[in-house]
Each structure stands twice: as C-alpha cells, then as structure tokens.
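Reading the sequence shown from the start, the letters are residues 5 to 547 in this note's numbering.
Every residue, glycine too, gets a C-beta built ideally from N, C-alpha and C.
Because the structure is a prediction, the values reported are computed rather than measured.
See below for the structure under consideration.
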Amino acid sequence: PSHLSLDLSIPRAKMGELAGYLPKSIDSEVLNYLSGTLIAGDIKNAQLKIRGNPEKIPYSSNIPGRFEIIVPIENGTFKPSPKLATEIGEWPAFEKLNGLVKMNNSELSVEINQASFKGANISNIKSSADFSKDIAILNLEGNIDGLSQDILNYISKTPALAIYSSITKELALTGNTKANLKLEHPFSNKVPTKFTANVNLENNQVKYSDMPPATVKSGSLIITEMGIEQANITGEWLGGPASIKSDPTIKRALTFNGKADFGKFGQLALTKNDPTSLEIKKKLSGLMTYQGKLFKQEQKSTVEIEFDLKNASIDLPRPLNKPLGIPMPGKATITSNSANKSEFGFDWNLTLGDRFQSKGISKNGKIEKHGVSLGNLTASLPTSGTGIVFDVDTLQGDEWAKILGADSNKPNSNKSAKTAEGPIQMTGISTIKGKAKHLIIADRDISDFSVVATHEGDFWVAKVDSPFVAGQFKWQSANLSLPSGELTAKLSKLIIPDEETNDALTKGLQSTSTRIPKLDISSDQFVIGKRNFGSLSIQATGE
C-alpha cells in the first residue's frame, strides 16, 4: 500500500486556510467542523505530521498510522459548533481567543485559554470529538463570567434555549454572573444535543417585561436543554424577602415563598395606566405572605400560589372590603396554553376566600375570556369578554360606579380598556347576572335587588327586579348624535318609598352624571311614598 511520511511546518497563516492544508480523504464531518467553527485568527508555527497510507487519514485503532496536527491560534474567532440546518438558533462565536487546535488521528481537540463575548470573559474552554465513532459527539466545557446580560444574551441565542426566545427577550439582568458551560453535540440528527449551564448569581437585579424588578442576593441555577434542573436563589421582590428552590418531589419543579407589599403585588394583575386599575391599586395596602410551586406537565407549565392577606387591607366598596387583621386566604393557578413556545398565553384561576373568584384565558397579551364571581359562587367563562355573577349581602353601587368610571371625569378620556398600556389588555364586560340583599345606589338602599344584563357594542340591555323597580332597561353609549348617551326603560313599577324625594332624586342625578342623557322612560305603576300616581311616561333630551 501507499505510504506517506510528511513533516510540515507552517510558520504563519490565516485560520480560515487551515482546512486547505488537510488531506481531502479526511471525513467531511471533520472538514465541515473545522471550517465552520474556526472562522478567523492567526496561525503561528503550526505542525503537521503524517505517517501511513494517505487514503486512510485520519487513522484509528483499527487503521494503523499517525496523523497529528498542532495549530496555535492568536486573536481567533471560534464557534463551539457550526449551525445546522435542522437547529433553531446557533452557538455565537468567541472572539479574541488564544488557544490550540490539535488532532491526533481521528481525535480532535480545541483548547482555549482566554476569549470573550461582548462583556463576558471565557476561559479554560476544552472541546473534543472522536470522528472514528459511528456518531461523532462534540464535548465542550468551559467557564464564562462577566456582565449577566451578556451571558444571558449568549445562552439565549443557542439551540438549547432559542425556543424560549419569547421569554428571554423580555428578561433584563443587571450585575455579574459566573457560569460553567457543558455541551454534548452529536454530528447526527438522530441524537439530541445536551446542554448544561451551572450559573452562579450574586447581587443581581432581574426584571421581566413590565413586572417589578427583583434583587438576587445570592443564587445558583443548573439549566439544561430541558429547562431548570436545580435552583437555590434568595433575594427580594415586591418589597419583601423571596426565595426559589428546587422541589425535591417533582423533577424540574421549583418552589417559592416570601412576603410582599400587597399594593405592589396588585400591580401584577392590574393594567398599567388604566384609570380603573389605578383606582383599585390605591385601595390595596399591607403585607401578604405567599408560597407556591412552578412545574411542567404534559408540555404545559403551571404556577400554583397560596397566599394569606391577614396583614393586608382592601379598602374597596362592599362586598370586597377587608380590614387589617382579618384572615383572608387566597389561591391562584396559572397554566400556559400555548402550543408554540414563541407565543405567550395562559389560563388562570384566582380565589379570595369565599368572596371573589376570577378565571380566564389570555393569549398573546390579550384576555379572550374572563369570568368573575362575587360571593360564594363559582365563576364561569362567558362566550367572549368578561362575565360577572354575584350573590352578596351588600353591593355598594355608588362607590363601585366611582371606581369603574374613574376616567369619566377626565377630559378627553377614553374608557376603552383596549387602549390601556400594560402586559395584558383588559377585556370589556359582556354579561352581568346577580342579586344583592342591599344595593346602595343614588344614596338609597334598594333591597332584594336582582339583575341580568348583556353588553354588545355600544348597547347595554338589562332586566332588573326589586320591590321598588322592575322592568327592562337599555342604555346606548355616547356618540356624535347622542353626546350624553340614551337611556330607555320600560318598567312594570317604579316606587320611591320615602318623603325625601326631591333630595333623593337630585343626589341621584348629580352622583351619576354631569349631563343628563336622552331619556325615554315609562312605568305601568309610579308610586311616591303612599301616593300612587298611576302610569308614568318621561321623554327628555339632555343639553
């Protein structure tokens, strides 16, 4: 057989020319790897030695011969793995590296003492692959330290985490991080890539999207291609201590607990710059304690939270008022509903004792369906929009009207919640059904009140029943032809029970609107005090 004995010295060359010095009999995987990863730099005093049949390079234990190449690199650029057509994302290149490329028969190794990626320093990188195997596997390990955001940017671009880009692009880190990176990358589509990052954080600030930032005093994470494998983080969030740890009972699950400023916690569920949400936020104060877990099941991520509001107060109108010191346990479950990881959607279910429940579906930052219940009822999802059901002792209608119509007294206000800025856009109320033993409205106490109402477009249609008023109402919102809106009512009865009728009617009109809407009201029975006036018909146009 042919035999080649060669000793070649290369005093100086460019890194991109390395593959040109190698025999074409070398497996294409080796040549593709070298040309796709060692993409720039200066070669100084490289050595190439060959002993054996040149057609059998690179040699192995089954094929005798010697093939050895030693290539020192200065100011080089190295990609841990070339981009594959089947992969999402790629391994960004290390720059300004000094290192050594070696190949001993079919075994390839790359050793890098120092390199960089933006504000991150990379050291002690060792990469190896044996191309004599049926499936060659690249093994890479090294350390990276520096600016946390730069390290996050590096890892988030890799195939290991690129599928979570919708999450990582919203994540902002401030501070420094140290990490050990390991990669097992097969040169075959039949075997998945394995990735491990052992990350250490200290005195970092973490911010996700528009959520309030958290401070990480100390922490460690082990991240793999499957997600977070282990965690132990302590810090502060929402004005109180917080910790995150691995759940020993569920693989890749996390537990968390802490204390938080209840007002700040409320911001997470309230739409930014929405007047109603801002009014509700003002009514929340005190301290809440919470605990929960985050886990993945059947490709869906779930967060379960339990909390107690004993040391918090809710200064909202009844039935949602709660003074400080009264226990109020709560529970929330949030489950992702997106089949595509590049999208963001979730289902949620929130309860506050036996007074309140909220459940809904959100996709791509917009709430599609939302069910709310007041009192000891189960919320159900409407066909669209927000559906409200209630069964309560007292409903302070006047006070709730002020909060829900918080933007009505502001010039040029737009009450459409779709224009509100925030991580989640609110959805309009579509249905209301409920009853209250006492409805406080227009400074009056209406007993045994019930209502069924629907909202579509610019119209509200409602059926009301109580001892004092019963019948059908229709409300059309203000527009160019109806600058104050229009109220139409067909009632079976309208009873004003006491003698203070003038003051009551005046207060009612003043508390509900600065301008009287167009009116078309009729009632089969109209009673003031003890006097029955028969039927009533009112038609009026507001100025």
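Supposed contact pair residue j and residue i - C-beta distance, whole angstroms, cut 8 Å
i, j, result
"Gly-546", "Lys-522", "6 Å"
"Ser-110", "Ser-64", "5 Å"
"Leu-298", "Ala-257", "7 Å"
"Phe-394", "Gly-438", "3 Å"
"Asn-108", "Glu-72", "6 Å"
"Glu-99", "Ala-119", "6 Å"
Of the residues the options, the one placed nearest residue i, counting alpha carbons only
i, options, result
"Ile-116", "Glu-283, Val-75 and Phe-350", "Val-75"
"Ser-160", "Leu-381, Phe-199 and Asn-109", "Phe-199"
"Asn-143", "Leu-151, Phe-191, His-442 and Thr-178", "Phe-191"
"Ala-234", "Leu-8, Ala-440, Ala-201 and Ala-218", "In the sequence under discussion, the amino acid at residue 234 is Gln, which differs from the Ala named in the question. Checking every option, the nearest Cα to that of Gln-234 belongs to Ala-201."
"Leu-313", "Thr-306, Leu-324 and Ser-305", "Leu-324"
"Ser-213", "Leu-26, Ser-169, Phe-463 and Thr-387", "Ser-169"
"Trp-404", "Ile-61, Trp-479, Asn-102 and Thr-280", "Thr-280"
"Lys-300", "Pro-327, Ile-254, Ile-318 and Leu-288", "Ile-254"
"Asp-134", "Glu-33, Lys-48 and Ala-166", "Glu-33"
"Asp-138", "Asp-31, Leu-328, Lys-268 and Gly-56", "Asp-31"
"Ile-141", "Phe-121, Asp-154 and His-189", "His-189"
"Lys-494", "Ser-481, Ile-330, Ile-525 and Pro-501", "Ile-525"
"Leu-291", "Gln-480, Ser-317, Lys-285 and Val-307", "Ser-317"
"Arg-359", "Tyr-25, Gly-379 and Lys-194", "Gly-379"
"Ala-97", "Phe-453, Ile-500, Tyr-25 and Ala-44", "Ala-44"
"Leu-151", "Leu-187, Leu-491 and Gln-209", "Gln-209"
"Ala-246", "Gly-223, Pro-252 and Ile-232", "Gly-223"
"Gly-24", "Pro-5, Leu-52, His-7 and Phe-269", "Leu-52"
"Ser-388", "Ile-232, Leu-165, Lys-373 and Ile-436", "Lys-373"
"Val-465", "Lys-363, Ile-450, Gly-369 and Ile-436", "Ile-436"
"Phe-463", "Leu-320, Ser-434 and Ser-451", "Ser-434"
"Phe-477", "Asn-483, Ser-496, Asn-180 and Gly-461", "Ser-496"
"Trp-241", "Lys-221, Pro-5, Pro-217 and Lys-249", "Pro-217"
"Gly-489", "Pro-471, Glu-21 and Ala-544", "Ala-544"
Inter-residue spacing [alpha-carbon to alpha-carbon] between residue i and residue j
i, j, result
"Leu-272", "Asn-147", "36 Å"
"Ile-532", "Val-455", "23 Å"
"Leu-498", "Gly-432", "30 Å"
"Pro-84", "Ile-392", "56 Å"
"Met-215", "Pro-163", "27 Å"
"Ser-305", "Gly-349", "11 Å"
"Gln-102", "Thr-238", "Contrary to the premise, residue 102 reads as Asn rather than Gln in this sequence. Taking the straight line joining both Cα atoms gives about 37 Å."
"Leu-282", "Asp-469", "33 Å"
"Leu-356", "Met-332", "7 Å"
"Val-473", "Ile-407", "24 Å"
"Pro-58", "Asn-66", "15 Å"
"Lys-263", "Ile-129", "41 Å"
"Glu-206", "Ser-136", "43 Å"
"Met-430", "Ile-309", "Annotation note: pLDDT 42 at Met-430 (below 50); position unreliable, no value reported."
"Thr-458", "Thr-390", "10 Å"
"Lys-182", "Gln-153", "12 Å"
"Asn-315", "Gln-361", "20 Å"
"Lys-106", "Ala-176", "39 Å"
"Ala-383", "Asn-341", "19 Å"
"Lys-268", "Leu-288", "9 Å"
"Pro-386", "Pro-196", "43 Å"
"Gly-123", "Asp-149", "9 Å"
"Ile-232", "Glu-302", "16 Å"
"His-7", "Asn-157", "50 Å"
"Asp-452", "Ser-527", "20 Å"
"Val-114", "Asn-79", "15 Å"
"Val-307", "Leu-320", "27 Å"
"Met-19", "Thr-172", "33 Å"
"Lys-286", "Lys-326", "14 Å"
Per-residue burial, residue i [other beta carbons within 10 Å of its own, 16 or more giving buried]
i, result
"Arg-535", "exposed"
"Gly-375", "buried"
"Met-230", "exposed"
"Ile-77", "buried"
"Leu-10", "exposed"
"Ile-47", "buried"
"Phe-530", "buried"
"Asp-265", "buried"
"Leu-12", "exposed"
"Ser-377", "buried"
"Gly-364", "buried"
"Ser-127", "exposed"
"Gly-369", "exposed"
**Report entry** Any beta strand (DSSP E) of 3 or more consecutive residues that is wholly inside the region 120 to 159
**Finding:** Runs found: 124 to 134 and 141 to 151.
**Report entry** Inside the region 209 to 253 only - beta strand (DSSP E) runs reaching at least 3 residues
**Finding:** Taken in chain order, the whole beta strand (DSSP E) runs of length 3 or more contained in the region 209 to 253 are 218 to 228, 231 to 241 and 244 to 250.
Requested in this report: Write down every uninterrupted run of the beta strand (DSSP E) in the region 13 to 75 whose length is 3 residues or greater and which is fully enclosed by it, in chain order.
Outcome: 42 to 56
Query - alpha helix (DSSP H) runs wholly inside the region 265 to 304, at least 4 long, in chain order - result: 266 to 270 and 279 to 286
Query raised in the report: Hey, which unbroken runs of the beta strand (DSSP E) at 3 residues or more fall wholly within the region 296 to 381?
Result: Runs of the beta strand (DSSP E) spanning 3 or more residues and lying entirely within the region 296 to 381 occur at 304 to 312, 316 to 318, 333 to 340, 349 to 356, 360 to 367 and 370 to 378, in chain order.
Query raised in the report: For the region 429 to 462, which segments carrying the beta strand (DSSP E) assignment without a break, of at least 3 residues, lie completely within its bounds, in sequence order?
Result: 433 to 445 and 448 to 460
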